[in-house]
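The block underneath contains the structure these notes are about, expressed in structure tokens.
In our numbering, the protein residues as written are 1148 to 1422.
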């Protein structure tokens, strides 16, 4: 039996019934792909496109290159150096901003008599004649009215303690050394002192160290002229240690050598006959 539909733009196909049902599990003829073996051919085509029967595409092997350690190490070294320079600069600025006495106390080996004996460092105690000092070389205490010239003077013989202490009171750093100190060491000390105001240099008998530095109330003893603490002592205490202010004189003082005070010599001079 055939069923037909009227013609038109949506004409339905004619369905012919044979009266038979398709076998179970088998697709109807209409479900088979056209061309019979076309499906197999299509499968083979797909295999060719993927590189053959069951073959997977080959993944490229990546070769790892070693890191350039040279530039990295150089960069790290430069960074460490920069940090170090900045750190040193910051520390120097910090140190420079500290009070001078705190910086003095930070010098390794320095003795601060201002803390040990406050009466010793009062100043202004002028006494004539020879004076006995408990500290050698003396760092403070009573002294003669006259001071030793301290305009960067280099003395080749010992000078009187009584004049030298007065110079310390004016803010001088007095460097002393054993008379047997090697000439090259003495020359280095001279270079630090000569021609520089509020500094003076002289040999000193009986030192327990080759070199001893004095400022008013401070002392530092070292073994050689190359010791960096010498420069630190001078930088920190010259002028600063004065208890009479920075304008205290260093010229117009005694320029002669010898351990006997000048006023003693003047008092012992024979009287001149009157005319």
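By construction, the Cβ of each residue, glycine as well, lies at the ideal position given by its N, Cα and C atoms.
A check of alpha carbon separations from residue 1347 across 1397, 1368, 1375, 1366 identifies 1397 as the nearest.
For residue 1301, the enclosing beta strand (DSSP E) has its first and last residue at 1298-1301.
Contact annotation: residue 1305 and residue 1351 have beta-carbon atoms nearer than 8 Å. For residue 1252, same chain residues with a beta-carbon under 8 Å away, outside a window of 5 residues either side, are 1259 in chain order. DSSP places residue 1313 within a helical segment (H, G or I) once states are collapsed to three. Considering only 1324, 1247, 1310, 1299, the residue with the shortest C-alpha distance to residue 1280 is 1310. Take residue 1332, set aside five residues on each side of it, and the residues of its chain with a beta-carbon closer than 7 Å to its own are 1371, 1372, in chain order. Looking only at 1218, 1341, 1367, 1255, the smallest Cα-Cα distance to residue 1297 is reached by 1341. Here the C-alpha atom of residue 1390 lies approximately 30 Å from the C-alpha atom of residue 1334. Bounds of any beta strand (DSSP E) do not take in residue 1396, whose DSSP letter is neither H nor E. Restricted to the region 1329-1402, the beta strand (DSSP E) segments that are unbroken, complete and at least 3 residues in length are 1346-1350, 1358-1362, 1365-1369, listed in chain order. Taken through DSSP and simplified to helix, strand or coil, residue 1248 comes out as helix. Contact between residue 1321 and residue 1315 is confirmed by a C-beta separation of about 6 Å, below the 8 Å threshold. For residue 1322, the uninterrupted beta strand (DSSP E) segment begins and ends at 1320-1324. Per the C-alpha coordinates, the member of 1344, 1325, 1374, 1262 positioned closest to residue 1400 is 1344. Here residue 1394 is exposed: its Cβ has fewer than 16 other Cβ atoms, across all protein chains shown, within 10 Å.
Residue environment: residue 1338 is assigned as exposed (fewer than 16 neighbouring CB atoms within 10 Å of its CB, all protein chains considered). The residue from 1403, 1404, 1308, 1411 with its alpha-carbon nearest to that of residue 1362 is 1308. In this structure, the alpha-carbon of residue 1410 lies about 6 Å from that of residue 1276. In the structure shown, residue 1405 adopts extended strand secondary structure according to DSSP, grouped into three states. In this structure residue 1257 is buried. Its beta-carbon is surrounded by 16 or more other beta-carbon atoms within 10 angstroms. Residue 1259 carries a strand assignment under DSSP once its states are collapsed to helix, strand and coil. Residue pairing by DSSP places residue 1306 opposite 1405 in a beta bridge.
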